[in-house]
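Enquirer: Start counting the sequence shown at -19; every next residue gets the next number (our numbering).
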Amino acid sequence: MGDHAVAPATFSAWSVLLGWVNEMCRYKVSIWHGLDTSLARHNWRAKVALNLEDKKTIVAEVSEVAASAHSAVAAEYRGLTVDEMTDLRAKARNSGVYLRVVKNTLVKRAVEGTEFECMQDSLVGPLIMAFSQEDPGAAARLVKDFTKENDKLIARVIAIGGEVLPVEQLDALSKLPTRDQAISMLMAVMKAPIEKFVRTLNEPHAKLVRTVAAVRDQKEAGA
C-alpha cells in the first residue's frame, strides 16, 4: 500500500521538474531569439548607415569632377558585357575621361551648382556618366569611337558650357581639338605675328644692304 502511495508523489515531482526544464528551455529560446533580433536590427542599421556614407562619398566625388569638367556625356549602357565595360573604362582612363555608373538620383544631386545642372531633367534610365577632364571633346570622342565597335552604348544626354545639346551634336563635339592640338594651334597663332614683326624689323636692314650693293655695282660698271 505504501508503494502505491509513493508512486503518485514521485510522478508529480517528475512532472514539476519536467515543467521547470521546459520553462527554462523556452526562456533560453526567447533570450536567443531576442539577441538574434537585436543583432539583426543592429546589422540592418549599420548597413543603412554604411550605404548612406557610400552615397555621400559618391556624390562628393562626382560633384568635384563635375565642377572642373569641360563637358559631359550620359550614355545608356544596357546590354554591355563585363568585358566590354572593362574595355570602356580602360579607354576612358587613357583619354582623360572620368567614367562611372551612378544612380540618376545621386548624379542629379552631384551636379547641382555646376554647369551640368542642366542635365538633371534628362537623366532617365540606366546611364553611365562620362566627364571630359582634359579637353572638351574627350568624352564625346570616347563614346563615338566605342560605338563604332559596339552599338549597345548609346549617347542620351550631352552638355557643355551650361547647355544641353542635341545628341546629334556628339560628332561635332568629338571633333573639338585635343589639349595638345589646342596648344599647337595657339602657338601657331602667336608665332605668326612674331615672325611678321621680325621680318618688319629686318626689312630696313635688308633694303640698306640691297641699296649699298646696287651703288657698288654701278661704280664697278662705270670704272
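Even glycine gets a Cβ: it sits at the ideal position worked out from N, Cα and C.
Whose C-alpha, out of Ile38, Gly93, Ala55, is nearest the C-alpha of Ala47?
Expert: Gly93
Enquirer: May I ask you to list the residues that DSSP assigns as paired with Arg204?
Expert: What the structure shows of the chain is the stretch from -19 to 203, and residue 204 is not part of that stretch, so it cannot be assessed.
Enquirer: Please report the distance separating the alpha-carbon of Lys132 from that of Met65.
Expert: In this structure, the CA atom of Lys132 is about 11 Å from the CA atom of Met65.
Enquirer: Is the CB-CB distance between Ile108 and Ala49 below 8 Å?
Expert: It is not a contact, given that the beta carbons lie outside the stated cut-off.
Enquirer: For Pro116, count neighbouring Cβ atoms within 10 angstroms of its own Cβ and tell me buried if that reaches 16, exposed if not.
Expert: Buried: at least 16 other Cβ atoms inside 10 Å.
Enquirer: For Ala90 versus Ser154, is the C-beta spacing smaller than 8 Å?
Expert: no
Enquirer: Below 8 Å on the Cβ atoms is my guess for Leu150 versus Ala120; work out the distance and round it to an integer in Å.
Expert: 5 Å
Enquirer: Along the chain, where does the beta strand (DSSP E) that runs through Ala49 open and close?
Expert: No beta strand (DSSP E) contains Ala49, which DSSP labels as neither H nor E.
Enquirer: At which residues does the alpha helix (DSSP H) containing Glu64 begin and terminate?
Expert: 62 to 74
Enquirer: Would you list the one or two residues that DSSP bridges to Glu204?
Expert: The shown model of the chain, from -19 to 203, leaves out residue 204, and the question about it has no answer.
Enquirer: Does Leu145 come out as helix, strand or coil in the three-state DSSP assignment?
Expert: The DSSP-derived three-state label of Leu145 is strand.
Enquirer: Confirm, please, whether the CB-CB distance from Ser102 to Val144 is below 8 Å.
Expert: yes
Enquirer: Give the single residue among Arg69, Lys35, Val137 whose Cα lies nearest to the Cα of Glu148.
Expert: Val137
Enquirer: Would you tell me roughly how many angstroms separate the C-alpha atoms of Lys88 and Arg73, rounded to the nearest one?
Expert: 23 Å
Enquirer: Taking just the CA atoms, how far does Val53 sit from Ala152?
Expert: 13 Å
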